[in-house]
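Report on the structure given below.
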Amino acid sequence: NIFRAAGDLSHLISILILLNTIQKSRSIAGISLKTQILYVLVFLTRYLDLTYRYVSIYNTLMKLFFISSSIYIVYLMIYKFKNTETEQIDTFPIEYLIGGSFILSLIFNYKFQFGEILWSFSLWLESVAILPQLFMLQRTGEARTLTTHYIFALGAYRTLYIPNWIFRWISEGRVDYLAIFTGIVQTIIYSDFFYIYYHRVLKGFKFELP
Amino acid sequence: KSDTLDHDEL
Numbered sequence: 106n107i108f109r110a111a112g113d114l115s116h117l118i119s120i121l122i123l124l125n126t127i128q129k130s131r132s133i134a135g136i137s138l139k140t141q142i143l144y145v146l147v148f149l150t151r152y153l154d155l156t157y158r159y160v161s162i163y164n165t166l167m168k169l170f171f172i173s174s175s176i177y178i179v180y181l182m183i184y185k186f187k188n189t190e191t192e193q194i195d196t197f198p199i200e201y202l203i204g205g206s207f208i209l210s211l212i213f214n215y216k217f218q219f220g221e222i223l224w225s226f227s228l229w230l231e232s233v234a235i236l237p238q239l240f241m242l243q244r245t246g247e248a249r250t251l252t253t254h255y256i257f258a259l260g261a262y263r264t265l266y267i268p269n270w271i272f273r274w275i276s277e278g279r280v281d282y283l284a285i286f287t288g289i290v291q292t293i294i295y296s297d298f299f300y301i302y303y304h305r306v307l308k309g310f311k312f313e314l315p
Numbered sequence: 041k042s043d044t045l046d047h048d049e050l
């Protein structure tokens, strides 16, 4: 359906914006390495199911793309364009996010099985993975416009999945309560950012936090 | 139909 397609597209675009920003400016200023590391974890734990579950060629290619691009971005950030200044303000304690997501995945899952727990873990972790990045924005008070486009596209992906879930619930009777709940949590975390993005970036102002 | 949900989304 259209929402799911738009969501996936926006997810894809967000990664391309980020890659393009890094390559062009040859800098990772203002980008949280911690958030990017969390995404590697998210994609690895969620998409390793491609080794034992086949959905479609589209699904497989997208999964491979997200796993490889996220690892590549972390590689660029650590080895190629290392930025100690940015690292110094990237101080969000991600061990709590990882630990919390792990505990939640043990409690909430469809089956107490390795693959299912990993799947649940990835959903919980994804819902909070942007926090180090948002925290960094808050500390610096402003961001490059491209960085805000990246965050917006990334947030739009899960937000667009919400009407997709409603659509699938109506048309197929399919309800993935874990994905829906974590997707809503994720959207709430982004809501403040969306609001500022709408009021400043889209109206041509610099992204500055009030 | 399997007892776990089909994870067909990204």
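So the protein lines, in turn, are chains A and B. Note that the first sequence covers residues 106 to 315 in the numbering used here. Note that the second sequence covers residues 41 to 50 in the numbering used here. The beta carbon of each residue, even a glycine, is placed where N, CA and C say it ideally should be. Quick caveat: nothing in here was measured; it's all calculated off a predicted structure.
Taking DSSP as the reference, what is the three-state secondary structure of residue i?
i, result
"F310/A", "coil"
"P198/A", "coil"
"E190/A", "helix"
"F217/A", "coil"
"L45/B", "coil"
"A234/A", "coil"
"L50/B", "coil"
"L106/A", "The sequence given here places Asn at residue 106/A; Leu does not occur at that position. It is coil, neither helix nor strand."
"L211/A", "helix"
What residues match up with residue i in a beta bridge as DSSP calls it?
i, result
"E247/A", "E313/A"
On the premise that residue j lies in contact with residue i, defined as a C-beta separation below 8 angstroms, what is that separation, rounded to the nearest angstrom?
i, j, result
"I118/A", "A248/A", "With a Cβ gap of about 18 angstroms, I118/A and A248/A do not count as contacting."
"S227/A", "T150/A", "4 angstroms"
"L50/B", "H116/A", "7 angstroms"
"Y266/A", "G246/A", "With a Cβ gap of about 30 angstroms, Y266/A and G246/A do not count as contacting."
Check whether the Cβ atoms of residue i and residue j lie closer than 8 angstroms to each other.
i, j, result
"T250/A", "F312/A", "yes"
"E190/A", "L138/A", "no"
"L230/A", "I271/A", "no"
"L318/A", "L314/A", "The displayed coordinates of chain A run from 106 to 315. Any statement about residue 318/A would go beyond what the structure contains."
"P237/A", "F299/A", "no"
"S174/A", "L114/A", "no"
"T253/A", "V290/A", "no"
"F148/A", "P268/A", "no"
Ignoring anything shorter than 4 residues or poking outside the stretch 269–307 of chain A, list the alpha helix (DSSP H) runs there in chain order. Taking only runs of at least 4 residues, the alpha helix (DSSP H) segments lying wholly in the stretch 269–307 of chain A are 282–301.
Can you list the alpha helix (DSSP H) stretches of 4 or more residues lying completely in the stretch 109–160 of chain A, in chain order? Listed in chain order, the complete alpha helix (DSSP H) runs (minimum 4 residues) inside the stretch 109–160 of chain A are 138–152.
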